[in-house]
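Only one structure is covered here, and it is reproduced in the block below.
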Amino acid sequence: MITGKYINIIIAGVLLVVIVFTGIFMTVPGLIGISGDNSQPEYVTKLFNKDKIISIDIKADKKEWENMLKNATSEEYIQCDATINGITYKSVGIRPKGNSSLSMVANSNSDRYSFKLEFDHYIKGQTCMGMDKMVINNIQADSTYMKEYLSLDMMSYMGVTTPLYAYTDVKVNGEKWGLYLAVEAMEDAFAERNYGDDFGKLYKPETMGGKGNGMMKDFPGNQEGQKDTKRENGNQQQQSEAVKGATVQGNGTNDKSKTADTKNNQNQSANEGGRGFGGFGNNQGGGADLKYVDDKISSYSNIFDGEIFKGTDADYKRVIKAIKNLNNGTELEKYINVNECLKYFAVNTVVVNLDSYFSNMKHNYYLYEDNGQLTILPWDYNLAFAGFQSGSASAAVNFPIDTPVSGIEMSERPILNKLLEVDEYKVQYHKYLQEILNGYFNDGKFDKTVDGLNSLIGEYVKNDATAFFSYDKYTAGTAMLKEFGKLRAESIQGQLDGSIPSTTQAQSKASDKLIDASAINLSVMGTQGGGGRMGKDGENQPQQEQQQGNNQRPREGVDSAQGNQQQGKEQMPQGGMEPPQDNQQQGGGQGFGDMPDRDVMMQAMKIIQSANGKDLTEQQLQQLKALGMTDEQIKFVQNMPFGNGEMREGRFPEQKSKNDIKMQSVTQISVEDAVILGVCMVFMSVGMLFVAKFRRRKSS
Numbered sequence: 001m002i003t004g005k006y007i008n009i010i011i012a013g014v015l016l017v018v019i020v021f022t023g024i025f026m027t028v029p030g031l032i033g034i035s036g037d038n039s040q041p042e043y044v045t046k047l048f049n050k051d052k053i054i055s056i057d058i059k060a061d062k063k064e065w066e067n068m069l070k071n072a073t074s075e076e077y078i079q080c081d082a083t084i085n086g087i088t089y090k091s092v093g094i095r096p097k098g099n100s101s102l103s104m105v106a107n108s109n110s111d112r113y114s115f116k117l118e119f120d121h122y123i124k125g126q127t128c129m130g131m132d133k134m135v136i137n138n139i140q141a142d143s144t145y146m147k148e149y150l151s152l153d154m155m156s157y158m159g160v161t162t163p164l165y166a167y168t169d170v171k172v173n174g175e176k177w178g179l180y181l182a183v184e185a186m187e188d189a190f191a192e193r194n195y196g197d198d199f200g201k202l203y204k205p206e207t208m209g210g211k212g213n214g215m216m217k218d219f220p221g222n223q224e225g226q227k228d229t230k231r232e233n234g235n236q237q238q239q240s241e242a243v244k245g246a247t248v249q250g251n252g253t254n255d256k257s258k259t260a261d262t263k264n265n266q267n268q269s270a271n272e273g274g275r276g277f278g279g280f281g282n283n284q285g286g287g288a289d290l291k292y293v294d295d296k297i298s299s300y301s302n303i304f305d306g307e308i309f310k311g312t313d314a315d316y317k318r319v320i321k322a323i324k325n326l327n328n329g330t331e332l333e334k335y336i337n338v339n340e341c342l343k344y345f346a347v348n349t350v351v352v353n354l355d356s357y358f359s360n361m362k363h364n365y366y367l368y369e370d371n372g373q374l375t376i377l378p379w380d381y382n383l384a385f386a387g388f389q390s391g392s393a394s395a396a397v398n399f400p401i402d403t404p405v406s407g408i409e410m411s412e413r414p415i416l417n418k419l420l421e422v423d424e425y426k427v428q429y430h431k432y433l434q435e436i437l438n439g440y441f442n443d444g445k446f447d448k449t450v451d452g453l454n455s456l457i458g459e460y461v462k463n464d465a466t467a468f469f470s471y472d473k474y475t476a477g478t479a480m481l482k483e484f485g486k487l488r489a490e491s492i493q494g495q496l497d498g499s500i501p502s503t504t505q506a507q508s509k510a511s512d513k514l515i516d517a518s519a520i521n522l523s524v525m526g527t528q529g530g531g532g533r534m535g536k537d538g539e540n541q542p543q544q545e546q547q548q549g550n551n552q553r554p555r556e557g558v559d560s561a562q563g564n565q566q567q568g569k570e571q572m573p574q575g576g577m578e579p580p581q582d583n584q585q586q587g588g589g590q591g592f593g594d595m596p597d598r599d600v601m602m603q604a605m606k607i608i609q610s611a612n613g614k615d616l617t618e619q620q621l622q623q624l625k626a627l628g629m630t631d632e633q634i635k636f637v638q639n640m641p642f643g644n645g646e647m648r649e650g651r652f653p654e655q656k657s658k659n660d661i662k663m664q665s666v667t668q669i670s671v672e673d674a675v676i677l678g679v680c681m682v683f684m685s686v687g688m689l690f691v692a693k694f695r696r697r698k699s700s
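Residue 115 in UniProt numbering sits at position 115 of the sequence shown, with consecutive numbering throughout.
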């Protein structure tokens with residue numbers, strides 16, 4: 001029996017053990033055999049396992065599903081049950097997503113949209129292993145299926161804060177829907193995973209118009225209500241040509257770059273030519289270019305309307321202050337996360353991703369702000385590896401590392417320009433480029449990575465029920481991708497060593513020093529405007545139907561037999577538009593369906609911009625008609641649906657606070673943590689019993 005002489009010592013000892021044990025558990029759990037990985041949510045390892053393909057089976061009301069597809073450009077959520085790797089999540093929100101890819105599918109006979117899955121849209125606090133939202137991308141315009149995967153993989157390799165990604169085999173109501181790429185949405189779970197529960201503010205600058213606008217929705221002859229007629233009349237090729245031109249649209253008013261002659265100057269076509277409608281109205285602003293305008297919040301609507309977490313005026317003013325100092329080149333390391341931005345620039349340059357901040361599009365990136373410091377983060381890489389606005393194969397392979405922009409001048413992209421103006425930062429940027437070459441391309445690693453991905457997804461691609469490209473196109477695309485990667489790495493190495501010019505201007509004067517890219521056909525890898533079959537379309541459809549058991553689904557209201565007959569002559573060739581002479585790709589001077597060619601549009605936009613938003617004068621109208629434009633075309637160009645300051649995808653229906661996220665993280669406790677907490681509670685209970693017993697004995 002324990003005497004009163006020792007009871008105080010025993011109680012003190014027990015409490016000391018509890019305190020020490022709890023302290024270790026809270027600070028350095030590894031000392032007691034607890035893995036530090038427990039701080040990461042389950043979905044990091046259990047879902048986004050790069051060596052495995054995620055299984056997603058979506059079950060939704062058939063009528064609601066068909067109605068959602070029919071009105072895809074509205075991007076409205078419906079309710080579904082999603083079984084992911086065998087675990088079913090009830091009442092998940094799902095909707096189509098995208099810009100040009102959404103419009104292309106909407107104007108085809110395919111239902112292969114990209115989708116957003118929001119697990120807490122209908123059930124507050126519901127997550128998928130700790131993840132609140134993810135997207136599944138349809139891999140449009142990429143015959144290789146690998147462009148986005150490889151780009152994000154390089155970003156991750158370089159230590160850039162990157163969303164998680166993995167391939168996923170998707171079914172809908174029991175039907176095979178296709179092989180997609182699942183990507184972690186850059187929202188609550190992403191922010192907490194990377195920055196902790198005291199994360200900063202996240203924005204997705206956008207210049208492509210408001211939600212539901214669907215980039216092609218307002219083009220002449222493509223208004224809502226005419227869509228089915230267009231399909232029945234077999235106008236697939238016109239729609240594809242239209243999208244091809246539309247995807248190089250910008251949001252500005254002052255085009256500072258000259259129109260390139262792509263036949264005579266292949267080297268400059270990547271940086272000056274092939275802009276389509278891009279570069280128009282760069283002075284309309286909105287902030288997506290990160291230029292400083294003034295201190296008014298309204299001057300940066302394209303940033304703040306794309307807020308992911310609801311902010312205050314104080315939050316917005318911190319961003320504006322950082323942008324102001326960036327443009328002035330003052331205290332750059334205080335206001336810009338220099339190293340991470342340089343790494344982002346390096347990867348983006350290597351993979352020639354021009355549907356981005358690097359071009360007149362100035363979108364497809366996230367802007368993270370924490371304590372007044374800005375970081376640029378990666379997003380949307382299906383058009384990387386010269387799939388967009390890249391001009392000739394030579395221009396793409398030799399894309400200059402020191403002026404890595406397209407359709408604009410360096411001065412128009414201050415976060416890139418101001419950093420590379422500093423010698424120290426430029427040297428570091430070059431070191432990061434070399435690091436990518438050493439770690440990802442030299443000794444055949446790039447080829448091995450492509451081959452490894454092929455081993456993982458090859459059979460899925462062969463049996464992809466809704467593939468945009470045939471399996472033969474896929475194999476040809478991956479082979480071309482490897483060749484492109486080899487030549488691109490050679491060019492970058494030469495530019496770093498000084499044997500190849502590293503700027504657009506220098507390359508134009510020394511084309512004989514450039515890497516020979518005659519073996520490259522960019523369209524084989526897939527380019528914007530070249531979506532392949534888009535469902536049941538395409539020259540290889542009979543072969544595909546044998547492979548896939550007729551799993552292709554014609555859009556509701558379209559007779560499949562009639563559609564196949566109609567599309568035989570007018571639809572786009574499999575794998576995209578064949579390149580014209582001199583291997584020029586979609587960048588330069590092609591038409592715009594019923595719209596005039598680029599040069600006419602450039603002149604037309606200058607005339608319209610001179611009106612400064614007012615009604616056109618009779619003289620201006622006559623000038624436009626002298627260019628050969630119809631009244632319908634003039635009206636459309638006047639009302640191009642860009643720069644209205646409304647974010648397509650960034651804003652939540654219900655903004656969640658950090659406290660909400662903290663509460664969710666508390667409920668998502670692992671089994672190991674529960675055991676440890678239980679042991680702590682036992683020790684505490686024993687201590688309390690000793691105290692209680694000791695008090696009773698003293699009182700007696």
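Even glycine gets a Cβ: it sits at the ideal position worked out from N, Cα and C.
On the CB-based measure, 16 or more other CB atoms within 10 Å of its CB, does residue i come out buried or exposed?
i, result
"Thr88", "exposed"
"Met681", "exposed"
"Gly13", "exposed"
"Gly159", "exposed"
"Ile500", "buried"
"Gln495", "buried"
"Ala141", "buried"
"Gln505", "exposed"
"Gly452", "exposed"
"Gly568", "At Gly568 the pLDDT is 37, less than 50, meaning the model places this residue with poor confidence and gives no usable figure here."
"Ser356", "buried"
"Lys204", "buried"
"Asn107", "buried"
"Gly444", "exposed"
"Asn353", "buried"
"Leu16", "exposed"
Counting along the chain, where does the alpha helix (DSSP H) carrying residue i start and finish?
i, result
"Ala106", "100-106"
"Cys341", "338-350"
"Phe446", "445-462"
"Tyr335", "332-335"
"Lys63", "62-70"
Can you find the residues in the same chain that come closer than 6 Å, C-beta to C-beta, to residue i, ignoring five residues on each side of it along the sequence?
i, result
"Lys116", "Arg95, Lys97, Val135"
"Thr503", "Pro400, Asp402, Thr403"
"Ile19", "none"
"Gln428", "Leu342"
"Lys482", "Asp447, Val450"
"Ile9", "none"
Locate the beta strand (DSSP E) running through residue i, then write down its first and last residues.
i, result
"Arg95", "87-97"
"Ser394", "Note, Ser394: premise wrong, no beta strand (DSSP E); alpha helix (DSSP H) at 393-397."
"Met134", "133-137"
"Trp177", "175-184"
"Val405", "Val405 -> no beta strand (DSSP E), and no H or E assigned at all."
Taking residue i as the reference, which of the options has the closest Cα?
i, options, result
"His363", "Ile297, Asp289, Thr330", "Asp289"
"Ile139", "Lys171, Ala182, Trp65", "Ala182"
"Leu420", "Thr449, Gly391, Cys341", "Cys341"
"Glu490", "Gln528, Ala191, Asn438, Cys128", "Asn438"
"Asp197", "Ile323, Ile320, Pro41", "Pro41"
"Lys513", "Val422, Ser470, Gln528, Asn398", "Asn398"
"Asn417", "Tyr300, Gly174, Ser359, Ile9", "Ser359"
"Met155", "Phe345, Ala166, Met361", "Phe345"
"Tyr335", "Glu618, Tyr368, Ala510, Ser143", "Tyr368"
"Glu148", "Val347, Asp294, Gly286", "Val347"
"Met410", "His430, Glu333, Asn327, Tyr474", "Asn327"
"Ser55", "Ala467, Asp464, Gly86", "Gly86"
"Gly311", "Tyr365, Ala611, Ala395, Asp370", "Asp370"
Check this for me: beta carbons of residue i and residue j, under 8 Å apart or not?
i, j, result
"Tyr316", "Phe304", "yes"
"Lys171", "Asp57", "yes"
"Gln173", "Lys62", "The sequence shown places Asn at residue 173, rather than the Gln named in the question. Closer than 8 Å, so yes."
Please go through the same chain and pick out, in chain order, the residues whose beta-carbon is closer than 7 Å to the beta-carbon of residue i, but skip the five residues on each side of it.
i, result
"Gly130", "Pro41, Glu42, Tyr43, Ala189, Gln668"
Within its chain, find whatever has a CB closer than 8 Å to the CB of residue i; leave out the 5 residues flanking it on each side and keep chain order.
i, result
"Arg413", "Asp289, Leu290, Tyr357, Phe358, Lys362, Val405"
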